[in-house]
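The letter at position 146 of the sequence shown is residue 146 when you use this note's numbering, and the numbering goes up by one with no holes. Okay, structure first, notes after.
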Amino acid sequence: MLREIVLALTFASATSVGSWRDNGLTVHTQEGDVVGTFASPAVRRFLGIPFGVAKRWETPHLPPLRQKPFKALDFGDSCPQALTPANLEVLKLIGVDDTVVPESEDCLSVNVWAPSIQRKQKAAVMLWVYGGAFQFGTSNIGVYDGQHIVRDNDDVLVVSFNYRLNIFGFPSAPQLVSKTSSQNFGLLDLNAAVQWIYDNIEAFGGDPERITLFGQSAGAAVIDAYTFAYPNDTRVKGVIEMSGNLAIDITGVSSTNNTTILDSSAWNQVADAVGCGTATNAAQLACMKAIPFKTLENALITTNTAFFTAADGIIIFADSSARAAAGNFLHIPLLAGTVAHEGDIFVIVTQELIGFSVPVLAELFAVLSTLIEFTCLAGKTASDHLKAGIPIGGTNTKPCSQKILRVLTSWTENRFQATFRAHG
């Protein structure tokens, strides 16, 4: 009750002096004022604004009210990363060499890029969800700078945020299995970010009724998961899924009634590595909660373990394919797509790590990986949306079997022709 009274009083105070203060650089949010800066003459920038607070392996909640303005001048800490040799190789190949960013478990923050000119009509909102195979990723990467989109489109406002990853965001811990609460904390972080944006974005010049989620790779999979987790959501009005889909990233195994049978092998490997043992009891969980985050982070690297979404029957479902076919997901417009050579980067990473390759097999694997793990899944998602009468864009919905047969035939013919030409 006290929070609601304070909110009402601070809102009344803010509206009495107008919503556009200090050239739009001071903005009132429900937790208090935030002060940004100009990224360019056309773009205002607000970085590192807390949208949630969460202890380790707990659901996020709203941050406390602030008595002083929050200086939104720098990115917030990134969530703990699992930078294994393979993940570092991926980052190197995509041109992200600077992997040294401040980290902490207090990492739930949003960044806002908004037009610098006060508009009569509120701007559409695009919320970016980064990828990183659920193991690494942060909003603090140069290629994710939202100012360029806003600069070139003055009717758009861009938001990015941090969400928990790897064992911190998707632990698959037996002790956390529940019939009422999910341990897919990274997805819960997205939901909390959406709510914060819905509640506050109008103060930045955005339209809370025109929020679109867009993401790439694991970010797209998180978005896809969101549409199943919250099928009755009224806040998000569109999704853009680039090179990613939920279907390849569920590790929890469930029966037809969605009773969770959890694969806790990765959890126990890390627990054993940090001295908490493999007995999946309350003492093990208490031990894991007490381990410094850097120690857990290092154990992720030494054990080479990976953590993904786990089917819990609450917000991640083992029968998501059946739910998709039945149209049991959020009915909003979808733009889905892939690029021509999705699988190439994974082949290159594997070759670099093992130190050799068989070119013919590597090429075939790259082609089939692109088709089966990306193109076909995007087409299936689009097809399910079409069947449900939902507008889609950007994806071929032809049956996957036809695509695989066509690619194999074409690849075989071209491979033999190329061999003969190369030989002579």
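We treat Cβ as the ideally placed atom computed from N, Cα and C, and that holds for glycine.
Where residue i falls: helix, strand or coil (DSSP)
i, result
"P85", "helix"
"S321", "helix"
"F75", "coil"
"T227", "helix"
"R119", "coil"
"P174", "helix"
"D263", "coil"
"S383", "helix"
"I316", "coil"
"D33", "strand"
"A290", "helix"
"L127", "strand"
"F168", "helix"
6 Å CB neighbourhood of residue i in its chain, flanking five on each side removed
i, result
"F75", "L47, G48, N140"
"D154", "P115"
"V274", "I291, T295, A299"
"I301", "T84"
Chain-order list of residues whose beta-carbon lies under 7 Å from that of residue i (same chain, five-residue window excluded)
i, result
"V101", "S78, T138, N140"
"G238", "T212, I332, P333"
"D425", "In the structure as shown, the chain starts at 1 and stops at 424, and residue 425 therefore has no counterpart that could be examined."
"F136", "Q81, A82, L83, N87, L165"
"N304", "T84"
"R328", "For the sequence presented, residue 328 should be read as Asn rather than Arg. Here the set comprises P231."
"P171", "W57, Q183, W267, F307"
Candidates the options, of which the one nearest residue i by Cα
i, options, result
"S160", "A336, V194, K289, A325", "V194"
"R21", "P69, V143, E58", "P69"
"G132", "S182, K120, G244", "G244"
"L188", "N281, Q269, T278, F51", "F51"
"S109", "A72, H28, V274", "A72"
"A203", "S321, W113, K380", "W113"
"A382", "D263, I240, G277, F293", "I240"
"A39", "G275, G146, N298, I201", "G146"
"A427", "G36, E209, M242, T234", "The question about residue 427 has no answer, for the chain in this structure spans 1 to 424."
"D152", "Q121, S178, L190, A42", "A42"
Residue i - containing beta strand (DSSP E), residue span
i, result
"H331", "Where H331 is concerned, there is no enclosing beta strand (DSSP E), given that its DSSP letter is neither H nor E."
"K237", "236-242"
"F38", "37-40"
"R21", "It is not in any beta strand (DSSP E) - R21 carries neither H nor E in the DSSP assignment."
"L47", "43-50"
"R467", "Outside the modelled stretch of the chain, which goes from 1 to 424, sits residue 467, for which no answer is possible."
"V159", "156-161"
Opening and closing residue of the alpha helix (DSSP H) in which residue i lies
i, result
"I197", "185-200"
"N298", "293-303"
"H28", "Where H28 is concerned, there is no enclosing alpha helix (DSSP H), although the beta strand (DSSP E) it sits in stretches over 26-29."
Contacting residues, own chain, Cβ-Cβ under 8 Å from residue i (five flanking each side not counted)
i, result
"R323", "F228, F317, F329"
"T180", "I314"
"V358", "Caution applies to V358, whose pLDDT of 42 falls short of 50 and renders its modelled position unreliable; the model cannot decide the point."
Check: residue i C-beta below 6 Å from any heavy atom of the ligand GDP
i, result
"V34", "Ligands displayed in this structure: none; no statement on the ligand GDP is therefore possible."
Beta carbon proximity, residue i to chain B, threshold 7 Å
i, result
"Q284", "The question asks about chain B, but that chain is absent: this structure has only one protein chain."
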